[in-house]
Every structure is written in structure tokens, then in C-alpha cells.
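One structure below.
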Amino acid sequence: DLTIGAIPGYTDINAGWTLQSGYLVFFMQAGFAMLCAGAVRAKNAKNIILLNLLDACLGSMCWYITGFAFAFGDPTAADDGTYAWYSPFIGHRFFAMNQLPRTSYVTWFFQFTFAATGATIVSGAVAERCRFESYLLYEMMLVSLVYPVVAHWVWSPFGWLSAGRNTATVSGSYLLFSGSGVYDFAGDGPVHMVGGFASLAGAWILGPRLGRFDAAGNPIDMPGHNASLNLLGVFVLWFGWYGFNPGSTNAIVGSAVGYSKISAAIAVNTTVAAAAACLSTLFLTMAINYFTSGVIVWDLIIAGNGALGGLVAITGPCAFVQTWAAIIIGLFAGGVYIIASRVNLNLLKIDDPLDAIAVHAGCAVWGMIAGAAFADLGMVEDYYGASPYGEDTTREYGFIMGGGGKLLGAHLVYIICIAAWVLGIMGPYFFILKRLGIFRVSPEVETAGLDASYHGGHAYPHEVTGKGQAYKNEA
Amino acid sequence: DLTIGAIPGYTDINAGWTLQSGYLVFFMQAGFAMLCAGAVRAKNAKNIILLNLLDACLGSMCWYITGFAFAFGDPTAADDGTYAWYSPFIGHRFFAMNQLPRTSYVTWFFQFTFAATGATIVSGAVAERCRFESYLLYEMMLVSLVYPVVAHWVWSPFGWLSAGRNTATVSGSYLLFSGSGVYDFAGDGPVHMVGGFASLAGAWILGPRLGRFDAAGNPIDMPGHNASLNLLGVFVLWFGWYGFNPGSTNAIVGSAVGYSKISAAIAVNTTVAAAAACLSTLFLTMAINYFTSGVIVWDLIIAGNGALGGLVAITGPCAFVQTWAAIIIGLFAGGVYIIASRVNLNLLKIDDPLDAIAVHAGCAVWGMIAGAAFADLGMVEDYYGASPYGEDTTREYGFIMGGGGKLLGAHLVYIICIAAWVLGIMGPYFFILKRLGIFRVSPEVETAGLDASYHGGHAYPHEVTGKGQAYKNEA
Amino acid sequence: DLTIGAIPGYTDINAGWTLQSGYLVFFMQAGFAMLCAGAVRAKNAKNIILLNLLDACLGSMCWYITGFAFAFGDPTAADDGTYAWYSPFIGHRFFAMNQLPRTSYVTWFFQFTFAATGATIVSGAVAERCRFESYLLYEMMLVSLVYPVVAHWVWSPFGWLSAGRNTATVSGSYLLFSGSGVYDFAGDGPVHMVGGFASLAGAWILGPRLGRFDAAGNPIDMPGHNASLNLLGVFVLWFGWYGFNPGSTNAIVGSAVGYSKISAAIAVNTTVAAAAACLSTLFLTMAINYFTSGVIVWDLIIAGNGALGGLVAITGPCAFVQTWAAIIIGLFAGGVYIIASRVNLNLLKIDDPLDAIAVHAGCAVWGMIAGAAFADLGMVEDYYGASPYGEDTTREYGFIMGGGGKLLGAHLVYIICIAAWVLGIMGPYFFILKRLGIFRVSPEVETAGLDASYHGGHAYPHEVTGKGQAYKNEA
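Protein chains in written order, with our numbering: chain A, 19 to 493; chain B, 19 to 493; chain C, 19 to 493.
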């Protein structure tokens with residue numbers, strides 16, 4: 019029965035935990051960069067790594083100027099516990115960290131690493147054909163405005179969908195949306211749906227890479243140049259996810275149940291969901307190939323994407339489900355990823371070089387639905403506390419666990435609103451870039467490769483000359 | 019004079035330390051994957067990375083179902099401190115985490131990362147020729163049964179070789195085996211000997227890669243395709259080892275001496291042992307080459323393996339030896355690695371692409387012997403507490419430090435029993451797989467490469483076409 | 019108002035924070051290794067990775083024997099708080115960890131990782147032409163003597179330039195040098211200036227790589243073989259820097275303001291400075307290229323170096339400046355890096371394959387000057403405590419913030435003394451190596467590549483044969 023801060027120094031300890039978790043999330047930028055680099059052709063490796071680097075660099079500037087303010091710029095309580103104003107849709111303080119208390123710097127840093135992660139998802143979907151300058155414009159829009167608003171909705175105690183609302187932070191007609199609010203622990207919405215839906219808009223409007231479909235519209239395989247780098251990225255992302263999910267407690271000491279128990283259950287859930295999704299993806303893909311072509315193929319790249327899909331799916335419900343449920347969520351995430359990927363490619367004819375839409379949007383939607391199905395009452399109340407509706411009530415929980423459908427309703431509204439918000443802003447934005455003729459490189463540049471055209475030369479210059487050991491200056 | 023939990027929240031803090039250490043150990047999977055990928059030929063890179071990925075994925079499922087239960091499924095003490103049953107050889111509770119208290123989830127996660135590390139060692143020894151399906155069968159056997167039993171012997175307080183046994187956990191004829199029990203701090207036995215001896219069985223029964231020996235039986239050099247990836251793996255493993263060794267305190271606050279002092283000494287020992295082993299391997303190999311061929315060669319791959327050998331050797335005794343002893347242990351580990359590697363290759367004609375047997379089994383055996391030689395009484399009692407034999411007695415310690423031979427006896431029994439257990443199970447198991455004709459790929463597949471045959475294509479597709487920049491679809 | 023150690027266990031917690039930060043700094047070795055490997059030609063990849071590996075291995079042995087002793091071998095206070103001797107210029111206890119208290123092992127480890135980082139900087143500047151044996155001699159000199167002395171000056175409470183001096187640790191004519199002492203929080207001096215100035219001496223005396231300049235003395239572009247590895251290195255280094263800078267508090271609990279607030283502000287400053295420097299480098303380089311050649315080039319390698327330059331620049335002042343100042347420091351660091359790099363290459367005709375001089379020496383000098391300009395009084399006193407000159411005085415702070423020029427004076431003396439110390443030792447040392455004919459490889463070896471000549475073969479053997487998939491033994 020320990021309240022945070024009850025013992026001097028515990029706030030410091032929790033801040034240290036949060037900082038270190040943020041370092042791991044930041045390291046996911048390295049994972050994305052390697053994942054993307056390996057998954058594109060060698061001629062575009064420098065381009066996509068630069069996009070990933072700028073997701074962190076330009077992203078931090080955008081987060082500094084408006085991003086954090088829109089997401090977490092909430093009012094401070096007066097001495098009597100009331101607030102001068104309410105902000106259910108968007109925050110509006112702390113622009114450029116102005117008046118931000120030093121105790122909140124750790125939150126600024128931690129949340130920045132999440133925003134940068136969300137932004138970087140799109141780099142994969144638009145790879146190998148998007149103009150560099152347009153990507154910078156996209157990045158600014160996403161981190162400055164699109165991501166922060168969704169983060170505010172669900173993570174600010176004032177947010178209209180937040181499960182952390184209480185009688186003090188609420189001025190409107192309801193306390194918790196749908197009687198439950200949304201249980202999105204580590205960001206299936208702000209990070210993965212936002213990144214995934216923006217990927218959908220970008221890849222669709224940008225059109226497929228040259229040669230990705232034949233004259234009949236059938237996809238032609240276009241493998242990345244380096245499977246080792248690709249999988250290095252998967253391992254680094256998985257490692258970084260231990261900052262993303264268990265670190266999102268933002269505390270290790272305190273709360274009635276003890277934050278370490280929550281974080282440990284999340285670490286276990288994160289692990290088994292990723293593992294189960296990797297396995298189901300691997301075996302399902304093998305089976306599909308076998309029954310359609312008679313050949314047994316154990317596809318490494320697909321398996322790696324499956325692991326990422328499992329990590330995405332468990333991100334939202336990780337603190338609220340039992341381990342067995344996390345395994346089920348992972349197993350289905352593999353199937354969701356495969357179906358979403360095939361619908362994208364074969365039905366919608368969308369060329370998404372990294373399968374970012376299927377992994378991030380697809381599995382995040384599944385994750386939120388699964389959370390509405392499997393959320394365990396005890397775990398929900400361990401984290402969010404008792405129901406704010408009074409002593410005789412409980413928090414809403416998963417419909418498979420006997421909790422009814424209110425939570426599912428909230429989650430479906432959440433999914434729809436994020437889709438509308440992201441597609442409603444990014445769709446027209448990308449369309450305007452396209453109309454201005456600055457969204458996509460010329461066919462000549464695309465054929466020659468972005469690196470030789472815009473980035474000063476090939477990532478592996480000796481491969482171009484064909485002389486592995488020698489180099490032109492050495493003769 | 020602080021007991022864990024004396025201050026509310028300290029259990030949480032220690033759980034946080036353990037979780038974060040577990041993340042680092044998990045990251046060793048990335049290190050092994052890159053180490054192995056770089057050390058094999060390009061045509062098998064995807065295969066071996068997939069094996070490493072499945073060590074984590076399939077491994078976590080096996081750990082969930084039986085692994086943790088066999089290793090740590092011990093009884094709970096009754097109110098009077100007694101136990102309803104004893105389990106000196108194998109645990110048998112908590113299958114599928116059933117009835118596992120939430121406070122133990124952190125242990126489950128931390129110990130899972132160790133089991134996955136042990137399993138992944140074998141992927142290197144059987145690389146480039148083992149059938150994918152057989153590797154999955156091996157993996158299941160190792161993580162479900164072989165590893166957990168050894169872990170139980172030495173790390174469960176009921177284990178027959180454990181130095182943590184006490185009057186309450188013991189029902190048999192002795193308190194501590196050989197009067198000392200085994201001092202294996204971070205797992206030279208369960209992880210490195212298990213993985214190393216299983217590697218020995220696997221590589222031997224599988225036979226050498228095609229072309230590894232000439233007609234006269236002399237080895238032909240068969241270098242890996244990417245030394246940069248190989249060494250990236252070494253650095254990542256070394257980094258992850260700071261979770262493996264200092265993290266195995268499972269606590270940073272508490273104990274009479276203060277856990278942070280123990281962890282800090284371990285971090286120092288881990289560092290200097292790795293460094294000394296790397297140096298001794300590098301210089302010894304150079305000297306051998308120079309005296310046999312007159313040429314000076316500073317071999318990077320060997321030096322990297324030497325560093326890993328030093329890390330393996332110090333894993334068992336890291337908490338019990340002074341820094342100067344850790345340096346000696348490292349220096350000799352380099353020699354042990356070189357000798358073991360040459361015996362394997364030249365005498366036993368075993369083809370071990372990663373030198374996994376020499377690095378893991380060889381240096382782990384040396385580490386346990388070295389622990390019996392150099393264990394410092396003060397450090398032993400700082401960690402294990404005072405002797406359970408009564409006030410006038412001390413714990414056993416290193417024979418070079420004046421402690422007599424009982425500890426060496428215990429460690430030799432430990433080595434022999436692990437060898438017998440692992441070889442006794444995995445030898446027949448691999449042999450059956452061989453007899454069933456499913457252990458090794460066909461010569462045609464081996465020549466063509468596993469990636470093109472079973473994994474949907476080459477890891478670096480543009481290298482096959484010889485067009486560094488271009489790709490077939492682009493014309 | 020919490021003093022460290024006021025609550026039992028807080029010393030342990032702070033030791034854990036410091037250990038974990040040290041792990042991250044150690045991981046920077048992996049970052050440097052990949053950065054360097056990617057930036058050299060394929061034929062020298064193994065050589066430079068081995069140099070980086072030995073920076074950790076040989077470095078730890080040198081740190082063990084004399085390094086730590088020279089840096090931190092200070093006297094222990096007697097019971098009355100006085101000291102038997104003073105050591106303003108160099109420490110001289112704890113050789114080979116002799117008599118080092120166990121509570122100081124964590125400091126030994128953390129500081130070792132810094133020394134190794136400083137040493138590894140030079141590997142980039144002398145890459146592709148330095149003899150392996152000479153590099154070992156350099157490494158021993160740097161870690162055994164050159165680095166520790168500078169660390170002692172500024173970080174020992176007895177150091178003549180330290181801002182942590184107090185009336186008890188001072189025997190001479192002044193309390194704080196220039197009335198302020200030097201504010202070098204995480205090591206712009208000991209790590210980056212020492213490494214950078216040693217790089218300057220090494221690269222200059224060694225001379226440029228064959229073919230780096232044409233007959234007219236104009237530089238010829240000589241790109242590295244793998245931009246993906248290069249940037250992986252940048253990401254890993256940035257990640258590790260979160261151990262380097264925020265970890266240099268060596269505490270997370272305690273102090274009047276709370277160490278977590280200091281660390282969080284440092285993490286934010288580290289992020290935005292790196293980001294701003296990356297952006298300014300990218301855009302400045304683009305603009306220079308555009309105005310001189312009319313071509314738009316977004317240079318990934320330069321942008322990565324720019325991020326590193328920003329990280330170097332903020333290393334010294336990171337705990338003492340506001341976020342907005344960190345952004346300015348980063349923006350200018352990009353320009354400083356570009357100018358220093360061009361002066362080196364075009365004016366001084368120094369061939370520095372990694373731009374180590376510009377990134378480390380150039381941006382570290384800028385960082386210390388920037389610290390003298392932007393240091394915030396409140397942040398300085400939060401960390402160093404109140405002025406030791408008495409109640410009516412304050413600590414010195416930045417001249418732009420209204421603090422006068424004393425701090426700038428101290429920092430200029432610091433820069434000059436480090437330059438003199440490093441160049442005065444390493445210059446003659448390298449010159450002697452050159453005169454002995456052991457500093458540089460022969461032109462034949464340089465053309466053939468160091469790996470084939472000295473390291474047993476090419477890092478990517480299949481590239482030499484031109485057969486991506488096949489290997490000579492397989493026919």
C-alpha cells in the first residue's frame with residue numbers, strides 16, 4: 019500500500035526507470051533504420067537510413083515546438099484541486115518547453131521517443147520512391163500535430179477517450195467514454211495506428227515502385243538487399259520494445275500492487291506475444307506456400323515481420339491480459355499480419371516495401387480489439403485503480419472474460435476516430451504534395467536509385483565497380 | 019545490515035534491476051544471430067538467423083509449458099517453514115505458469131532469457147548443414163527438459179548441487195554436496211556447458227560440412243562471409259553479458275554487504291576476464307602462426323572468440339574471485355579456447371563453424387575449475403551467507419587461496435554429471451534424427467545453400483546476380 | 019533536501035544507475051567499431067574492428083595497472099577531515115586496484131568505459147595505414163597516462179582545474195581556478211579533446227592514405243565501403259551517449275534538487291543538441307554544395323557525423339544549460355564540424371578517414387566555449403552546490419547569461435593545457451614511431467589492404483572471388 023512519493027527519492031527512482039526505458043525506445047530508431055535498409059534495394063539504402071535519422075532529429079525539434087504541448091499541455095490544478103480549463107481534444111501549454119516544470123522533463127523525453135517511433139513507421143511504406151523534401155514535410159506534420167492529438171485523447175487525464183479521467187479532470191457530459199475509456203497501455207493508437215494509417219495514405223497516393231506489378235497487375239517479388247540487416251533490425255526493435263511496453267508504467271516503485279509486478283507481467287506478455295506471432299506467421303506462410311505451390315519455404319523476412327506484428331498487437335493490451343491471452347493475441351496477430359499484407363498487395367495493389375501498413379495498422383487494430391476481449395478485471399484495476407463510478411461498481415473488462423461489450427465499443431470508436439483523423443489530414447496532405455509534383459522522384463531517378471541521384475553516391479561504392487577489394491583510387 | 023524488503027519498495031527496485039538485466043540478456047540473441055550470420059557463408063545467412071530467432075520464439079513457448087516448471091517449480095513453505103515435498107533433481111510446479119505468483123514473473127522472464135541463450139549456442143555448431151525441422155526438435159528438447167534440469171540442480175534451493183540449500187530445503191543425507199555445493203554464479207553449467215556439450219553431440223553426429231576436410235583429412239579453411247557482422251555480434255554479446263553476470267544478483271539493494279558491491283565487482287571481473295582472454299588468444303595465435311609458418315597474423319575472428327571464451331570462463335566464478343584472479347582466468351581461457359578448438363578440428367575432426375564447443379564447453383569447464391581454485395572466502399560468504407554447518411565453520415573456498423579440495427570435488431562432479439546428462443540425452447536424440455534421415459540436408463542442398471533451397475532466396479539477392487546496384491526487375 | 023545515503027540502500031541504487039550507464043558507454047565501442055568499419059574500404063575492415071576491440075581489451079589492462087590510479091588515486095580523509103597529501107596534477111594510489119575499497123569498484127568500471135571511449139577515437143584518424151603494433155603502443159600510452167592525467171585535473175576533487183575543489187582538498191594558493199574551475203560535466207576534455215588532439219597528431223605525422231590527394235594536392239573522394247554499417251554506428255553511439263551524459267551524475271537519488279531532474283535535463287539536452295547539429299550539418303552541406311556546384315546533395319555520412327558533433331559539443335555543458343541553449347549549441351556544432359573538417363582536409367592536407375579531429379577535437383572545443391557562454395547559474399549550483407567562497411557569493415556562470423568572463427578564462431586555459439599536454443606527449447611519441455619505421459605500413463601492404471596482409475584474409479572473402487553465393491571449396 020505504497021503511494022508514489024511516500025518515501026523521499028521514489029520519484030527519482032521512477033524517473034530513472036522511465037529515462038532508461040526511453041533510451042531503449044530511442045534505440046528502436048536504430049532497429050527501424052536497419053530493418054528498412056535491409057528491406058530495400060542497395061541503391062536506396064542511404065536514402066532510407068537518412069529518413070530514419072531525421073525522424074529522430076527533425077522529430078525532436080517538432081516535439082519541442084508544438085508536439086509535447088499539443089499532447090500533454092494540460093492545466094495545473096489549483097490549490098483546491100480544480101482546474102481553470104479543460105482540454106479533452108488537444109493540449110495547449112508548454113510550447114518550446116515554456117514553463118515546463120523540471121520534474122516533467124523525463125516525461126518530455128520519454129514521450130518524444132514514442133513520437134519519433136510513430137513517425138518512423140511511414141519511412142518504410144514510402145521507401146524507394148518518395149522525394150526526400152516531401153518526407154521532411156510529412157514528418158513535421160505528423161510529429162507536430164497528428165501524433166500529439168491522438169496521444170492527448172488517450173493518455174492525457176483530460177483526454178476524451180482516456181481511462182484515467184476522474185471527476186476533477188472532466189467538465190463534460192460523461193466521466194469515462196462508453197463507461198470504460200480506452201485501455202491503450204503503450205500506444206497501439208498514437209504510435210502504431212497513426213503510423214500505420216499514415217503509411218496507408220502515403221503508399222497508396224504515392225503509387226507502387228516501378229516494376230512492382232507486371233502488366234496484368236500481378237505483384238513481382240522485389241526483395242531487399244540484405245536480410246542480415248533486416249533481421250538485425252527485428253532483434254533491436256524487440257529489445258527496444260522492453261522499454262516501450264514495460265517502461266510505459268513510468269514507474270517501478272509504488273502503487274498498491276507494486277509497479278514492478280505490472281512491468282514484469284508486461285515483459286512476459288511482450289515476449290510470448292512476439293514469439294507466438296513469429297511462429298504462427300512462419301508456419302502459416304509455410305502452409306499457404308505448400309498448399310498453393312507444393313514447396314516448403316520457411317521465410318525469414320516474413321517471420322521477422324510476424325514477430326513485429328505480435329509486438330504491435332500486445333502493445334495496447336500488454337498490462338491488462340494474462341500470459342495465456344498474450345499467447346493467443348500473438349498467434350492471431352500472425353494471421354492478421356498475413357491477411358492484411360495480402361489484401362494490401364493483391365487486392366488494393368498497394369506497394370508497401372516494409373509491410374508497415376499490415377504490421378502496424380493491421381496488428382494494432384487487432385491488438386485493441388483483443389484488449390477489449392481479454393482484458394482481466396484485476397489487472398485493469400491494478401493499473402487504473404478502482405472504478406470512478408463508486409464503490410459498488412467495477413471497471414469494464416474483456417467481453418470474453420465476462421465483462422460485457424462497453425469496452426469493445428470504446429475501442430471501436432477509438433479505431434474509427436484515429437483512422438478518420440489520420441486519413442483525413444494525411445490523405446489530403448499527401449495528395450497536395452502529389453499535385454504539386456514534389457511527392458515522388460522521377461522514373462529516371464527511381465531506376466538509377468535515390469542514393470546516386472540525391473545522396474552523393476551508392477551506400478556500397480565498391481559493389482558498383484564490381485571490385486570487392488579494390489577501389490578506383492588505388493590503381 | 020539491510021534485508022531485502024526491509025524498506026517498502028526495495029523488492030520493486032530489485033525486480034526492476036532484474037528486468038533490465040534480462041533485457042540485456044535477451045539482446046544477446048541479436049549478438050548470437052550476427053555472430054553466426056557473419057561466420058557462415060552468405061548462402062546460409064538467412065537459415066542461421068532464423069534458427070537464432072526461433073531460439074527466442076520457440077524457446078519461450080517451451081519455457082512456458084515445462085521449462086520453468088522443471089527448473090524452478092519448487093514447493094512453497096508452509097507457515098511453520100517446512101515443505102510438503104522436496105525436489106533435488108527436478109521441479110514440478112507452475113507448468114504453463116499455472117499458480118505462479120505475480121512476484122515470480124520477473125524470475126520467469128529473467129530465467130527465460132538464460133534458457134534461450136543456452137539453446138542458441140548449438141545453432142553455430144550445426145550451421146550450414148542441419149535441417150531446419152530437426153533444429154526445431156532439438157530446440158524443444160533442450161529448453162523443455164535438458165536445460166531446466168541442470169538449472170534446477172544448481173540454482174534451486176532444493177537442487178542437489180546447490181550451494182543455497184539449507185536445513186529447511188533438505189531432506190536427504192547431506193546438507194551441501196561435498197560440504198560446499200557448486201558455486202556457479204551466472205551459469206557456466208546450465209547455459210554454457212549444456213549448450214557446449216549439446217554442440218559437441220550435434221556437430222559430431224552431423225558430420226563436417228562438405229569440403230571442410232580434404233581427402234587426407236586435413237581441414238580446409240572455410241571463412242565466414244562477413245567479419246563485420248561477426249564482430250558486431252561479439253560486441254553485442256559482451257554488452258549483453260553485463261546483464262548476464264552482474265544482473266544475476268537479481269538485486270541491487272539489500273544484503274549485508276550491499277548487492278551493488280557484488281554487482282560492481284562482477285562487472286569489473288567480467289570486463290577484465292574478457293579483455294585478458296582476447297589478448298592472450300590474439301598473441302598466442304600470432305605466436306603459433308609465427309613459429310609454424312613464419313608469418314605474423316593478427317586474427318580478428320579468433321580474437322573475438324577469445325573474448326567470448328573469457329566471458330564464458332568468468333560466468334561461473336564472477337562473483338567469487340578477486341580482480342587479479344579474473345585476469346588470470348581470462349588469460350588461461352584464451353589458451354583453453356585455442357587448445358579445445360584445435361583438438362576438435364584436428365584430432366576429433368569435428369567441424370564446428372562457430373567454435374561453439376571450444377568457446378562454451380571448453381571455457382565453461384575451465385571456469386568452474388578456476389572457480390574451485392580462486393574462490394575468495396569473503397566474497398563467497400558475502401553472497402551465500404555464513405556456513406550452514408554452524409558458527410565455527412566457514413564456507414569452502416578456492417584451493418589456491420588455501421581452501422582445500424572439497425569445492426574442486428563438487429565442481430568436478432558437476433562437470434561430469436552435466437556432460438553425462440547432456441550427452442546421454444542429446445547424443446541418442448541426434449542419432450535417432452540422423453537414422454530417420456532428417457538431421458542433415460542433402461549434398462545438393464548444402465552445395466546450393468540452405469537459403470535458396472528452403473528459405474525463399476539468397477540473403478543478398480543482388481550479389482547472386484552480380485549487379486550491385488541494379489536488380490532484375492528494373493530493366 | 020535529501021543527502022545521498024540518508025536512507026539505507028540509496029548508495030546501492032545510485033551504484034546500480036552508474037553501472038547500467040557504464041554498460042551503455044561500453045556499448046559505444048560497438049558503435050565506434052561499426053562507424054569505423056563502414057567508413058573505411060572493405061580491404062581494411064577487419065583491421066579497424068580489431069583496433070576497436072583492443073581499445074576495450076588492452077585499455078582495460080592499462081586502466082587496471084596505472085590508468086585509474088593516475089586519474090582517481092586520491093588520499094582518504096583522516097578522521098578530522100584533513101588529508102595527508104594533495105594531488106592537484108596526478109593521482110598515485112590504487113595501482114592494480116591495490117587497496118581500492120569495494121565501494122569504488124563501480125567508479126572504476128564506469129570510468130574505464132570512458133577511458134576506452136577516448137582511446138578509440140584515434141583509430142578512425144589513423145585508419146587504413148597505421149601499423150597494428152604501433153597502434154597498440156599508442157593505446158597503452160593514452161590509457162595509461164595521457165587520458166588519466168586530464169581526467170584527474172578536472173574530475174578529481176583535488177584536480178587543479180576541478181570545480182569540485184573545496185577548502186579541505188586544496189593546499190595551494192587558490193580555491194577554484196579562475197574563481198570558477200572548469201565545468202566539464204561528462205568529458206569534452208578527457209575524452210573528446212584528448213582523443214581528438216591525439217588524432218590530430220597521429221593523422222598528421224602518419225600522412226595521408228595513398229591516393230587521397232592528387233598531384234596538385236587536391237583531395238580525392240575516398241568513400242567507405244558500407245554506409246549502413248557507418249550509420250548503425252551513429253545510432254549505437256547516440257544510444258550509448260545516454261549512458262555517457264545523463265549517467266555521469268553517477269546518481270539518480272539524492273541531492274537537494276534530485277539527481278533525476280539533472281539526468282532528465284541532460285537527456286533532453288543530449289537529444290536536441292544531436293538533432294540540431296545533424297540538421298544544421300545536413301542543410302549547411304546541402305547549401306554549400308548547391309552554391310558551389312548547383313547540385314542538391316543530402317549527405318548521409320556528413321549528417322551522421324554532424325549528429326556525433328552535436329553529441330560531443332553538449333557533452334561538457336549538458337548539465338548546465340537550458341534546452342534552448344542546447345539547441346543553439348547543436349546548431350553551431352554542425353557549422354564547427356564542417357569548418358574544422360574542411361580546414362583539416364583542404365588547408366592542412368590532413369587525411370582523417372573518420373573526421374575524428376573535426377568531430378571530437380573541434381566540437382569539444384566549441385562545447386567548452388559554449389558552456390562558458392550559456393551556463394545557467396541555477397543549474398550550476400544544483401549540481402556543484404553553493405559557491406565555496408561564502409554566503410554572499412555565487413558560482414560563476416555563462417557570460418551570455420550575465421555571468422562575466424571568469425568561466426571563459428578557465429575554459430580557455432583548460433583547452434590550451436589539454437592541447438599542450440596531448441600534443442606534447444603524443445606528437446613526439448608518434449614521431450619516434452615514425453622515425454623507427456614502425457608507424458606506417460608499406461605502400462604495397464596499403465594497396466593490397468591490411469586485412470589480406472596482416473589479418474589472415476579479407477573481411478568479405480566471397481566478394482574477392484566475385485562469387486556471391488559460391489565459395490571456392492564448394493566446386
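Even for Gly, the Cβ is constructed at its ideal location relative to N, Cα and C.
Check                                                                                                                                          : Outcome
In chain A, which residues lie less than 7 Å from L68(B) when you measure between Cβ atoms?                                                    : W316, L318 and A321
Classify G77(C) as buried or exposed, calling it buried when 16 or more other Cβ atoms lie within 10 Å of its own Cβ.                          : buried
Scan the segment 240-265 of chain C for residues whose Cβ lies nearer than 7 Å to a Cβ of chain A and list them as they occur along the chain. : M240, P241, H243, N244, A245, S246, L249, L250, F253, V254, F257, Y260 and P264
Can you check DSSP and say which residues form a bridge with C148(A)?                                                                          : R458(A)
Is the segment 317-327 of chain A close to the segment 292-307 of chain A, with three or more CB pairs under 8 Å?                              : yes
I'd like to confirm something about N307(B): is its beta-carbon nearer than 7 Å to some heavy atom of the ligand SAM, or not?                  : Of the ligands one can find in the structure shown there are none, so the ligand SAM has no counterpart to examine.
Straight-line CA distance for G34(C) to Y201(A)?                                                                                               : 33 Å
Within a Cβ cutoff of 7 Å, which residues of the same chain sit near G475(C), ignoring the five residues on either side of it in sequence?     : D469
From the beta carbon of T288(A), is the nearest beta carbon of chain C less than 8 Å away?                                                     : no
Measuring only between beta-carbons, confirm whether K64(B) sits less than 8 Å from chain A.                                                   : yes
Along chain B, in chain order, which residues have C-beta atoms closer than 7 Å to that of T121(C)?                                            : K279
What residues in the segment 291-310 of chain A have a beta carbon less than 9 Å from any beta carbon of chain B?                              : A292, A293, A294, A295, C296, L297, L300 and N307
Using the beta-carbon of each residue, which ones in chain B are nearer than 9 Å to C355(A)?                                                   : Here the sequence assigns Tyr to residue 355(A), which means Cys is not the residue at that position. Going along chain B, no residue has its Cβ under 9 Å from Y355(A), so there is no contact; the nearest lies around 14 Å.
Buried or exposed: which applies to V377(A), given that a residue is buried once 16 or more other Cβ atoms fall within 10 Å of its Cβ?         : buried
Would you kindly work out how many angstroms separate the C-alpha atoms of I190(A) and I108(A), rounded to a whole number?                     : What sits at residue 190(A) in the sequence shown is Gly, not Ile. Roughly 15 Å between the two C-alpha positions.
Work out the CA separation of F457(B) and F448(B) for me, nearest whole Å.                                                                     : 7 Å
According to DSSP, simplified to helix, strand and coil, what is F231(A)?                                                                      : strand
Assuming W439(A) contacts V167(A) under a Cβ cut-off of 8 Å, what Cβ separation, rounded to an integer in Å, is found between them?            : 7 Å
Between D30(A) and chain C, is there a C-beta pair that is closer than 8 Å?                                                                    : yes
Would you kindly report the start and end of the unbroken alpha helix (DSSP H) that includes D373(C)?                                          : Here D373(C) belongs to no alpha helix (DSSP H), and DSSP marks it neither H nor E.
With a threshold of 8 Å between beta-carbons, can E492(A) be considered close to chain C, or not?                                              : Residue confidence is low: E492(A) scores 38 on pLDDT, short of 50, so the model does not pin down where it sits. Its coordinate-derived value is still stated next. Yes, because at least one Cβ of chain C sits closer than 8 Å to the Cβ of E492(A).
Compile a chain-ordered list of the residues in the segment 108-142 of chain A whose CB is closer than 8 Å to at least one CB of chain C.      : A114, M115, R120, T121, Y123, V124, W126, F127 and F130
Would you give the residue range spanned by the alpha helix (DSSP H) that K64(C) belongs to?                                                   : A63 to C80
Please report how far the alpha carbon of F215(A) lies from the alpha carbon of G380(A), in whole angstroms.                                   : 9 Å
On the criterion of 16 or more Cβ atoms from any shown chain inside 10 Å, does S311(A) qualify as buried, or is it exposed?                    : exposed
Taking beta-carbon pairs under 7 Å, can you tell me which members of the segment 78-91 of chain B lie near chain A?                            : S78, M79 and Y82
Using only CA atoms, which one of A186(C), G220(C) and A325(C) lies nearest to F253(C)?                                                        : A325(C)
Could you name the residues of chain A that G276(B) contacts, counting a contact when the two beta carbons are closer than 8 Å?                : In chain order: nothing, as chain A lies at least about 16 Å away.
Taking the DSSP output, what are the residues bridged to V313(B)?                                                                              : V313(B) pairs with nothing; no bridge assigned.
CA-CA distance, T135(C) and G348(A)?                                                                                                           : 41 Å
Below 8 Å on the Cβ atoms is my guess for S143(A) versus V161(A); work out the distance and round it to an integer in Å.                       : It should be pointed out that residue 143(A) corresponds to Ala in this sequence rather than to Ser. At roughly 16 Å, the Cβ-Cβ gap does not stay under 8 Å, so A143(A) and V161(A) are not in contact.
Terminal residues of the continuous alpha helix (DSSP H) containing P446(C)?                                                                   : K424 to R453
Just curious, the alpha helix (DSSP H) that Q47(C) is in, first and last residue?                                                              : Y28 to A57
Mark D19(A) as exposed unless 16 or more other C-beta atoms lie within 10 angstroms of its C-beta, in which case mark it buried.               : Bear in mind that the predicted position of D19(A) carries a pLDDT of just 32, short of 50, making it unreliable; the figure below should be weighed with that in mind. Its Cβ having fewer than 16 others within 10 Å, D19(A) is exposed.
Counting contacts by CB-CB distance shorter than 8 Å, is Q487(A) in contact with chain B?                                                      : With a pLDDT of 40 at Q487(A), under the threshold of 50, the modelled position of this residue cannot be trusted; read the value that follows with caution. For Q487(A), the answer is no, since every Cβ of chain B falls outside 8 Å of its Cβ.
Determine the closest residue to Y401(C) out of A274(C), V188(C), G467(C) and L247(C), with distance taken between C-alpha atoms.              : A274(C)
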